[in-house]
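J.: Can you read through this structure? Questions will come right after.
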Amino acid sequence: MATIDRYVDPDAAGAANGTSWADAYTSLNSCEAAQQQDLTDGGGDVMVIHCRCSGGTADSTSLDINGWTAAAASYIQIIVEDGYRHQAVRPTGNIYRLTGATAWDRTLTVNESFVYLDYLAITKTTTDGTYPTMELYPDVASARVRTLHCLVYDGNGIGVELSSGAAGAQISIINGFIYRTGSHGIRCSDEAGWDAAGRIYNCTIGNAGDDGIFSVRGSHLAKNCYVGGSTNEDYDIDNATLTMTTCYDEDGTGDTTSAFSTSAGAYFVNVTAGSEDLTIGSASSELIGNGTDLSGDGDYPFSTDWEDEDRSDWDVGADEYVASGTTYYQSLAGAFSFTGGLAKSAQKALAGSLSFLGTAAKQTNKQAAGILSFTGSASKRTSKSLTGAFSFTGAATKITGKSLAGSFSFSGVVAKVTVKALAGAVSFSGTVARITQKVLAGAFSFSGALSATTLHMYYQAVGGVIAFTGGVQKVTAKGLQGALTFAGNVAKLTQRALAGVLSFTGGVAKVASKLLSGVLGFSGSLSTSTGPASVVLETVELHGSFGAAVSMVGTISSASISCLGSFGRMVSLKGELN
Amino acid sequence: MEFLIFWKAHYMDAWDAAKVASLDAPTRAKYDARYQMGDIVEVREDGYWATRGFDKESFVVVKVPGMAFDWDKMLALYDTDNKKILRRRKWFGNRTKIPQNILNKIESSDRVVSVTATQVNNFLERKT
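So the protein sequences, as listed, match chains Z and U.
Each number in the numbering used here comes from the position in the first sequence (counting from 1) with 2 added on.
Each number in the numbering used here comes from the position in the second sequence (counting from 1) with 19 added on.
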C-alpha cells in the first residue's frame with residue numbers, strides 16, 4: 003500500500019506533471035484526467051491530491067471524478083493545503099476555490115465510490131442551467147463518499163446533491179457551510195433508484211434559494227445541523243426519511259427553532275445574503291453546547307469543527323464557538339491563519355504555517371517548524387523554537403525568540419526584541435527601542451529611524467554581518483566575527499572581540515574596541531575614541547571632523563595610518579607604533 | 020482558443036472484449052465514460068499555455084488563435100436526464116483525420132501545435 007501524492011496549483015508554471023508544487027497541475031480537472039488509474043492493483047494505493055493557489059488564481063474548470071478503480075482502502079482524497087483553506091466566508095486571494103465555468107455542467111461531480119473531499123471551497127459561476135454546484139453520485143452500495151469542512155456558496159442551482167446508483171451508498175457531509183445557493187442547499191436522492199444514505203452532520207445552511215435540506219427519497223440522517231434564511235422550508239421531507247437529531251431551524255421545520263440572526267438566536271457573524279459569515283459570533287448563541295456528541299457516531303465519528311478546533315461543547319452547526327482570549331493549540335500540524343482580534347493565542351507544536359492578520363494581545367509558539375508571519379499589532383510575541391521564517395509587519399511591545407533557525411524580518415514598531423539563538427538572517431525596517439541577541443550566526447541588517455534615547459543593542463556572539471542604517475544609542479558586541487558597518491549616529495559602541503571589518507559613516511560619541519584585528523574605517527564626527535591596551539590594525543583611516551581628542555592607547559601595529567580632516571584638539575597615538 | 024487534449028491510452032483501454040462484456044452495469048458505465056485519446060480535457064483562452072506547462076505524457080495542446088471561445092467543447096455527454104455521463108467528453112480530436120504534418124507536430128517532443136480554425140474543424144468531431 004503506497005500513497006501517491008499529486009499537486010495542483012493554478013499559479014504553477016513548471017512541468018505540470020503534478021509531482022511537486024513547482025510542477026503542479028494547473029487545474030484539478032487536468033490532474034484528475036491524467037492520473038486516472040486502478041488504485042487497487044499491485045497491493046493497492048491511495049491517491050492524495052493536494053491543492054493550493056499560490057498566486058490567488060481560482061481553479062476555473064469543472065470536473066467529474068470518474069474512470070478510476072478504487073476501493074475502501076484504495077481511495078481518492080482531495081485536500082486543500084494548509085494556508086489555502088477557506089475561512090467560512092467567500093474565498094478570495096490565496097484561498098483555493100473551485101469555481102467551474104462550464105455552461106450546463108456541475109462544478110464537481112463525484113461518480114467514484116471512495117472519494118474524500120477536504121477543505122474545498124466550491125461555487126458555480128455559470129448562469130446557464132440550474133444543475134448542482136456539487137453532485138455526489140457514487141455507484142455502489144458500499145460507497146463511502148465524504149466531504150469534510152467544505153464550503154459551497156452561491157451558484158444558480160442546488161448546492162449539493164446526494165444521489166447514488168446503488169441504494170445505501172453512504173454520503174457524508176461533515177462540518178459544511180452551504181449558503182446562498184440558487185435552489186436547495188442540499189437535495190437528497192431526487193429519483194427512485196438513486197437512494198443514497200446521506201449523513202449530514204454539523205452543517206450550517208443559510209439563505210438557500212429553495213429548501214435548506216430537501217429530502218426526496220431514501221433514508222438520511224441529519225445531526226447537529228442549523229438551517230435558516232431559506233426561501234422555502236428549512237427542512238422539507240418528501241417521500242423520504244430524514245431523521246433529525248438536535249437540528250435547529252428558523253421556521254419550525256426542525257427540532258428546535260432559533261433565529262437566523264446576528265443579534266438573537268443563532269448569533270451568526272453575518273447573515274446578509276452575499277456577505278455570509280455563518281460562524282457563531284456571540285457567547286449568547288443558542289447553538290452553543292446544544293448539539294449531540296458525535297465522537298462515537300456509528301457511521302462517521304469526529305470531534306472537531308470546520309477549522310479543526312476541538313468540539314468540547316458540541317455546538318450546533320459547522321462552527322464550534324471559542325470565546326476570544328482562549329485560542330489554544332497543543333499540536334497543530336496544519337496551517338493556522340488568523341484574521342481579526344485576539345486576546346491570546348498559544349501553540350505548543352506547530353508544524354505548519356502560522357499567519358496573522360489582525361491584533362493580538364499575546365501570541366506564543368513553543369515549537370513552530372513552519373513559517374510564522376504576522377501583520378498587525380501585538381503586545382507580546384514569544385517563540386521558543388522556530389525553525390522556519392518569521393516575518394512581522396506591525397507594532398509590538400515585545401518579541402522574544404529563544405531558538406530561531408530561519409530568517410527573521412521585521413517591519414514596524416517594536417519596543418523590545420530578544421533572540422537568544424538566531425541562525426538565520428535578521429532584517430529590520432522600522433523602529434525599535436531595544437534589541438538583544440545572544441547568538442547570532444547569520445546576517446543582521448537594520449534600516450530605520452531610531453530616535454529613542456533608550457535604545458540598547460547587545461550581541462554576545464555574532465558570526466555574520468551587522469549593518470546599520472540609522473541611529474542607535476548603544477551597541478555592545480562581545481564576540482563579533484563578521485563585519486560591522488554603520489551609517490548613522492551612535493552614542494556608544496563597544497566591542498570586546500571584533501575580528502572583521504568595522505566601518506562607520508556618521509557620528510559616534512564613544513567607541514571602544516578591545517580586540518580589533520580587522521580594518522577600522524571612520525567618516526564622521528567623533529568625540530571620543532578609546533582603544534584597547536593592545537591593538538593590531540591593518541589599516542586606520544580617520545576622515546572627518548573630530549571635536550574631541552582621538553586617542554589610541556597601547557601597542558598599535560598597522561600597515562598605514564591616515565588622518566584626513568579637521569581635528570579640533572589633537573590626535574594622539576600613544577605607545578609603540580610598528 | 021486553446022485545447023488541452025487527452026493523448027494517451029486510458030488504462031481501461033487494455034481491457035479485452037471478454038472483460039468488457041463481463042463488467043457489471045456501474046463498471047460498464049464507467050468504462051464507457053472513460054477518457055479516450057483525443058478527448059478535449061480543457062479549453063482555454065489564447066495564450067494560456069504560453070506561460071504554463073502541461074503534462075506531456077498525458078496531453079497535447081492544440082492552439083487555434085482567434086477561434087471564438089466555447090466552453091461547450093469541454094463538456095461531457097450526458098444522458099437525457101442530464102444526470103449520468105455517457106461519454107467523458109462530447110468533443111474530441113479524431114486522430115485518423117489529422118493531417119500527417121500536423122500530427123507530426125502534435126507528437127513531437129513539444130506536444131504543441133498551432134492550427135487554423137479551418138484545419139481544426141476538419142478533425143474536431145462531436146460524439147453522439
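Glycine residues also receive a C-beta, built at the ideal position from the N, C-alpha and C atoms.
State the DSSP-derived secondary structure class of TRP70(Z), mapped to helix, strand or coil.
T.: Of the three classes helix, strand and coil, the one that applies to TRP70(Z) here is coil, per DSSP.
J.: Could you spell out the range, first to last residue, of the beta strand (DSSP E) harbouring ASP50(U)?
T.: Here residue 50(U) is Tyr; the residue named in the question, Asp, does not match the sequence. No beta strand (DSSP E) holds TYR50(U); the alpha helix (DSSP H) holding it covers 44 to 51.
J.: How long is the line joining the alpha carbons of GLY157(Z) and ASP61(Z), rounded to whole angstroms?
T.: Cα to Cα, the separation comes out at about 15 angstroms.
J.: Does the beta carbon of ALA104(U) come closer than 8 angstroms to any beta carbon on chain Z?
T.: The residue you asked about is not Ala; residue 104(U) is Ile in the sequence shown. By this cut-off, ILE104(U) is an interface position.
J.: Identify the residues that DSSP records as bridge partners of ALA123(Z): which are they?
T.: Paired residue(s): LEU153(Z).
J.: Bridge partners for ASP238(Z) per DSSP, in chain order?
T.: Answer is PHE216(Z).
J.: Quick one: residues in its chain with C-beta nearer than 6 angstroms to the C-beta of GLY214(Z), no 5 flanking neighbours on either side, listed in chain order?
T.: Here the set comprises GLY187, ILE207, VAL229, SER232 and ASP236.
J.: Do you know offhand how far LEU457(Z)'s Cα is from GLN89(Z)'s?
T.: Any reading at LEU457(Z) must be qualified, since the residue scores a pLDDT of 38, below 50, and its modelled position is unreliable; the value itself is stated next. Near 40 angstroms, if we compare the C-alpha coordinates of GLN89(Z) and LEU457(Z).
J.: Classify ASP312(Z) as helix, strand or coil using the three-state DSSP reduction.
T.: Looking at ASP312(Z) - three-state DSSP - the assignment turns out to be strand.
J.: Run through DSSP, which three-state label would VAL83(U) get?
T.: VAL83(U) falls in the coil class under three-state DSSP.
J.: Under DSSP, the beta strand (DSSP E) around ILE121(U) begins and ends at which residues?
T.: Premise fails: ILE121(U) lies in the alpha helix (DSSP H), 119 to 125, not in any beta strand (DSSP E).
J.: Hey, how far is the Cα of TRP110(U) from the Cα of LYS75(U)?
T.: If I take the Cα positions, the gap works out to 20 angstroms.
J.: Can you tell me whether GLY44(Z) is buried or exposed, with buried defined as 16 or more other CB within 10 angstroms of its CB?
T.: So GLY44(Z) ends up on the exposed side.
J.: Considering only the alpha carbon of each residue, which of ASN113(Z), ALA14(Z) and ALA145(Z) lies closest to GLY170(Z)?
T.: Cα-wise, what sits closest to GLY170(Z) is ALA145(Z).
J.: In the DSSP output, what is HIS186(Z) paired with across the bridge?
T.: None, per the DSSP bridge assignment.
J.: Any idea what DSSP makes of ARG63(U), helix, strand or coil?
T.: DSSP places ARG63(U) in strand when its eight states are reduced to three.
J.: If contacts are defined as beta-carbon pairs under 8 angstroms, then THR63(Z) and ASP13(Z) qualify, I think. What distance do you get, rounded to the angstrom?
T.: That pair is no contact at about 14 angstroms.
J.: Which residues does DSSP pair with LYS109(U) in a beta bridge?
T.: Paired residues: none, contrary to the question.
J.: Does the distance from the C-beta atom of GLY167(Z) to that of PRO134(Z) stay below 8 angstroms?
T.: The answer is no: Cβ separation not under 8 angstroms.
J.: Name the residues in the segment 23 to 54 of chain Z whose C-beta lies less than 8 angstroms from a C-beta of chain U; which are they?
T.: Answer set for the segment 23 to 54 of chain Z: ASP25, TYR27, THR28, SER29, ASN31, SER32, ALA35, ALA36, GLN38, GLN39 and ASP40.
J.: Alpha carbons only, please: which of ALA28(U), GLY72(U), ALA52(U) and VAL81(U) is nearest the one belonging to ALA136(U)?
T.: Checking every option, the nearest Cα to that of ALA136(U) belongs to VAL81(U).
J.: I need the boundaries of the alpha helix (DSSP H) containing SER221(Z), first residue and last residue.
T.: Per DSSP, SER221(Z) belongs to no alpha helix (DSSP H); it is in the beta strand (DSSP E), 221 to 225.
J.: Would you kindly report the start and end of the unbroken alpha helix (DSSP H) that includes THR137(U)?
T.: From DSSP, the alpha helix (DSSP H) with THR137(U) extends over 136 to 142.
J.: Looking only at C-alpha atoms, which of ASP310(Z), SER314(Z) and TRP308(Z) sits nearest to GLY293(Z)?
T.: Per the Cα distances, SER314(Z).
J.: I want to see whether chain Z comes within less than 8 angstroms of PHE25(U), judged by CB atoms only; does it?
T.: Yes, PHE25(U) lies at the interface with chain Z (some Cβ there is under 8 angstroms from its Cβ).
J.: Any chance the segment 106 to 124 of chain Z sits against the segment 67 to 79 of chain Z, with 3 or more Cβ pairs inside 8 angstroms?
T.: Yes, they touch.
J.: Just checking TYR30(U) against the ligand SAM - is the residue's beta carbon closer than 7 angstroms to any of the ligand's heavy atoms?
T.: As far as ligands go, the structure on display features none, and thus does not contain the ligand SAM.
J.: Checking the sheet assignment: what are the DSSP bridge partners for VAL132(U)?
T.: DSSP output for VAL132(U) lists VAL81(U) as bridge partner(s).
J.: Counting only the same chain and skipping the five closest in sequence on each side, list residues whose C-beta sits under 7 angstroms from that of LYS49(U).
T.: There are no such residues.
J.: PRO93(Z): buried (16+ other C-beta within 10 angstroms of its C-beta) or exposed?
T.: Its Cβ being crowded by 16 or more others within 10 Å, PRO93(Z) is buried.
J.: Residues in the segment 71 to 82 of chain U with C-beta within 9 angstroms of chain Z's C-beta atoms, listed in sequence order?
T.: Listed in sequence order: ARG71, GLY72, PHE73, ASP74, LYS75, GLU76, SER77 and PHE78.
J.: Thinking C-alpha only, which one of ALA52(U), PHE78(U), ILE117(U) and PHE88(U) is nearest ASP129(U)?
T.: Of the listed residues, the one whose Cα sits closest to ASP129(U) is PHE78(U).
J.: Under 8 angstroms between the Cβ atoms of LEU280(Z) and ASP317(Z)?
T.: No, these two residues do not count as a Cβ contact at 8 angstroms.
J.: Apart from the five residues just before and just after ARG114(U), which ones in its own chain have a Cβ nearer than 6 angstroms to its Cβ?
T.: Excluding residues within five positions, the ones whose Cβ falls inside 6 angstroms are GLY57.
J.: May I ask you to verify whether the segment 237 to 244 of chain Z touches the segment 258 to 278 of chain Z, counting CB pairs closer than 8 angstroms and requiring at least 3?
T.: No, the segment 237 to 244 of chain Z is not in contact with the segment 258 to 278 of chain Z.
J.: Output, in chain order, the set of chain U residues within a Cβ distance shorter than 9 angstroms of ASP66(Z).
T.: By Cβ distance, chain U contributes ALA52, ALA95, ILE104 and ARG107.
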